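Just below is one structure, and these are the notes that go with it.
Number of protein chains: 2
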Amino acid sequence: MSDKKNYSLSEEMCYDLADFFKNFDDATRIKILYALFQREMCVSELVNELDMNQSAISHQLRVLRQSDLVKFRKEGKTAVYSLDDSHVATLLEMGIEHIRHKNGYEEE
Amino acid sequence: MSDKKNYSLSEEMCYDLADFFKNFDDATRIKILYALFQREMCVSELVNELDMNQSAISHQLRVLRQSDLVKFRKEGKTAVYSLDDSHVATLLEMGIEHIRHKNGYEEE
DNA sequence: TCCATATATGCACATATATTCATATGAACA
DNA sequence: TGTTCATATGAATATATGTGCATATATGGA
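Sequence order for the protein chains is A and B.
Counting with the working numbering, you get residues 1 to 108 for the letters of the first sequence.
Counting with the working numbering, you get residues 1 to 108 for the letters of the second sequence.
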């Protein structure tokens, strides 16, 4: 791993990073990722769990798929989705920590 | 710290998280954050460093300020900005790792 | 006070994107 | 083959947002 950084990010890396973080900039995708962090789920389970339009969920799953944050397998008619990146949970936790700190909760 | 999670995020937390990650979903803000990770800089230094319009930089600094990701102090006419969140570097590193992994670089 | 410099900000515009609707695809099964 | 169920996707629309221009604010100096 990098010991302590080179001094500039390539233009391309900046755009790639922005695209990566775009996955987390929408509440629906956060909910999907968090739900899948609990356990793998098929589309209709997510639809019920998040109480949202099936089309909206599918569109967002496609976004997450294209960024390799989730993967899926077909089981008959259903598609079972699960997380495909070990960093998702850590990222979410860091976000949560930032918000708690910002709002003045040092403790649970 | 949380030992291992409660099973759902509040609606509000989801939106707060999305807002937090919005800070990282734009290449300009990534560049600003990365530059400030190297060292604190005033606005005109950022303008030169990133070769961008002063207005664009100021607008983005405001976004980052409002999310408490950067802070600044006034020194005469200039405003010296610096990072205000210890997680920024780690977040960026995790993004970089994800991209390298996705693109098949396991090593540097 | 007048001017130059540094930064911030309102407005307008262009682009990105989240959602819904309608429909397509595809699997299971009668 | 025809039907139903699960999911995906294209088109349309509404909303969000990044940027540049013009200008405002504030500081230091002549």
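The beta-carbon is built from N, C-alpha and C at its ideal position, and this holds for glycine as well.
This structure is a prediction, so every number in the text was calculated from the model and none was measured.
Query: Where B:E108 falls, given that 16 or more other Cβ within 10 Å makes a residue buried; Result: Low local confidence applies: a pLDDT of 44 at B:E108 is under 50, so the model's placement there is unreliable, and no value is given.
Query: B:L64 at chain A interface by Cβ criterion, 8 angstroms; Result: no
Query: Contact with chain A by B:D68, beta-carbon distance below 8 angstroms; Result: yes
Query: Status (buried if at least 16 other CB within 10 Å, exposed otherwise) for A:N6; Result: Low local confidence applies: a pLDDT of 48 at A:N6 is under 50, so the model's placement there is unreliable, with the coordinate-based value given in what follows. So A:N6 counts as exposed.
Query: 3 or more residues per run - each beta strand (DSSP E) lying fully within the segment 26-82 of chain A; Result: 70-75
Query: Selected residue, minimal CA-CA separation from A:A35, among A:E97, A:F21, A:F72, A:L50; Result: A:L50
Query: A:F72 and B:H98 closer than 8 angstroms at C-beta; Result: no
Query: Whole-angstrom distance between B:S44 and B:L33, CA atom to CA atom; Result: 15 angstroms
Query: The segment 20-30 of chain B contacting the segment 8-25 of chain A, beta-carbon criterion three pairs below 8 angstroms; Result: yes
Query: Close Cβ partners of A:V47 (< 8 angstroms) along its chain, the five nearest in sequence each way excluded; Result: N53, Q54, I57
Query: Of the residues B:E75, B:L83, B:K77, B:T78, the one placed nearest B:Q66, counting alpha carbons only; Result: B:L83
Query: Nearest-angstrom Cα separation, counted from A:F37 out to B:F37; Result: 30 angstroms
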